[in-house]
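S.K.:
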Amino acid sequence: MDLYKLRMSVARDGKQYAISPHETSERASLASPSNSETTCPKSFERWHDMLDALQRLNVSDASVLDALYERGFTYLAATQANAGFDQEELREPAASMFERMDAGLVFANPAIPPSGKRFFAQLRGLPYPTNLGKLTYLRVLAAEGLYSLKNLGPANTLAAMRDFLRKSK
Numbered sequence: 019m020d021l022y023k024l025r026m027s028v029a030r031d032g033k034q035y036a037i038s039p040h041e042t043s044e045r046a047s048l049a050s051p052s053n054s055e056t057t058c059p060k061s062f063e064r065w066h067d068m069l070d071a072l073q074r075l076n077v078s079d080a081s082v083l084d085a086l087y088e089r090g091f092t093y094l095a096a097t098q099a100n101a102g103f104d105q106e107e108l109r110e111p112a113a114s115m116f117e118r119m120d121a122g123l124v125f126a127n128p129a130i131p132p133s134g135k136r137f138f139a140q141l142r143g144l145p146y147p148t149n150l151g152k153l154t155y156l157r158v159l160a161a162e163g164l165y166s167l168k169n170l171g172p173a174n175t176l177a178a179m180r181d182f183l184r185k186s187k
């Protein structure tokens, strides 16, 4: 799947908005050496573009921001897994993204993995809450597995589980 073509759909006030990073031009004018293609993967730039678009639309709904924050952590994990970046190389672009996130929403979101929350707290200089167990995240993974099983079938679900387990070692 070409992530550049990925669009974020937002429902607000009964209307549906489609936000696509390539539809925004603000980001080009905000480019800085820390956000250039040489140091920051395009997925992080797209994340900033989507948040910029939500802010232009005055969207502050927690469920919409939760979805965008989840996307940011997904981009982070995908970059780590697929591009071979280690956490040191991701520190600056991740910190830039994390600075724009509401810490309360991040820590309360059960779909964000505990390791991501730990990295978030570390980069933001925040104490890591001790009440964040793995159980709520495991429930999210189980629900995603059931959804996948229902919609993609057993073969695809098992392949995805194998990939996940292989990458998490």
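Counting from 19, one number per residue, gives the positions in the sequence shown under the numbering used here.
Idealized CB from N, CA, C, for every residue including glycine.
1) Give a yes or no on whether the C-beta atoms belonging to LEU83 and LEU108 are separated by under 8 Å.
2) For PHE62, which residues of its own chain have a beta-carbon under 7 Å away from its beta-carbon, when the five flanking residues on both sides are left out?
3) Using CA atoms only, rank isn't needed, just tell me which of ASP120, GLN98, ASN100 is closest to LEU86.
4) With PHE146 as the anchor, note down where its alpha helix (DSSP H) starts and where it stops.
5) So, is ARG184 buried or exposed, given that buried needs 16 or more other C-beta atoms within 10 angstroms?
6) Rank LEU159, PRO132, LEU156, ARG157 by C-alpha distance to the C-alpha of TYR146 and give the top, closest one.
7) For ARG184, which of helix, strand or coil comes out of DSSP?
8) Tell me whether ALA96 is buried or exposed, calling it buried when 16 or more other Cβ atoms sit within 10 Å of its Cβ.
9) Identify which residue in PHE125, GLN73, HIS66, ARG89 has its Cα closest to the Cα of LEU150.
10) Please name the residue, chosen from GLU162, LEU153, LEU176, ARG142, that lies closest to ALA113 on a Cα-to-Cα basis.
11) With DSSP as the reference, label ASP120 as helix, strand or coil.
12) State the Cα-Cα distance for the pair ASN76 and ASN127, rounded to the nearest angstrom.
13) Put SER78 into one of helix, strand or coil per three-state DSSP.
14) Are the beta-carbon atoms of LEU69 and ARG118 separated by less than 8 Å?
15) Could you spell out where the alpha helix (DSSP H) holding GLY163 opens and where it closes?
16) With 16 as the cutoff for other CB atoms within 10 Å, does LYS168 come out buried or exposed?
M.R.: Let me spell this out:
1) Here residue 83 is taken as the residue at index 65 of the sequence shown, counted from 1. Here residue 108 is taken as the residue at index 90 of the sequence shown, counted from 1. No, the pair does not count as a contact, with Cβ atoms beyond the cut-off.
2) The count along the sequence shown starts at 1 and reaches residue 62 at position 44. Here the set comprises TYR93, PRO111, MET115.
3) Within the sequence shown, the letter at position 68 stands for residue 86. Proximity to LEU86 across ASP120, GLN98, ASN100 peaks at ASP120, based on C-alpha coordinates.
4) The residue you call residue 146 lines up with position 128 of the sequence shown. According to the sequence shown, residue 146 is Tyr rather than Phe. Segment: none, TYR146 is in no alpha helix (DSSP H) and carries neither H nor E.
5) Position 166 of the sequence shown holds residue 184. Burial is judged here by how many other beta carbons sit within 10 angstroms of a residue's own beta carbon; ARG184 has fewer than 16 and is exposed.
6) Here residue 146 corresponds to residue number 128 of the sequence shown, with the count starting at 1. When only C-alpha atoms are compared, the closest one is PRO132.
7) Within the sequence shown, numbered from 1, the residue matching residue 184 stands at position 166. Three-state result, ARG184: helix.
8) As a position in the sequence shown, residue 96 is number 78, starting the count at 1. By the C-beta density criterion, ALA96 is exposed, having fewer than 16 other C-beta atoms within 10 angstroms.
9) Walking along the sequence shown from the start, residue 150 turns up at place 132. Proximity to LEU150 across PHE125, GLN73, HIS66, ARG89 peaks at PHE125, based on C-alpha coordinates.
10) Translated into the one-based positions of the sequence shown, residue 113 becomes position 95. Closest by alpha carbon: ARG142.
11) For the purposes of this step, residue 120 is taken as residue 102 along the sequence shown, with counting starting at 1. In the three-state reduction of the DSSP assignment, ASP120 falls in the coil class.
12) Looking up residue 76 in the sequence shown gives position 58. Looking up residue 127 in the sequence shown gives position 109. When rounded, the distance between both Cα atoms is 21 Å.
13) Locating residue 78 in the sequence shown gives position 60, counting from the first residue. When DSSP states are grouped into helix, strand and coil, SER78 belongs to the coil group.
14) What you label residue 69 is simply residue 51 of the sequence shown in a count that begins at 1. What you label residue 118 is simply residue 100 of the sequence shown in a count that begins at 1. In this structure, LEU69 sits near ARG118, with a CB-CB distance shorter than 8 Å.
15) Locating residue 163 in the sequence shown gives position 145, counting from the first residue. Unbroken alpha helix (DSSP H) run through GLY163: 153-170.
16) Against the sequence shown, residue 168 aligns to sequence position 150. Using a 10 angstroms sphere on the CB of LYS168, the tally of other CB atoms stays under 16, which defines it as exposed.
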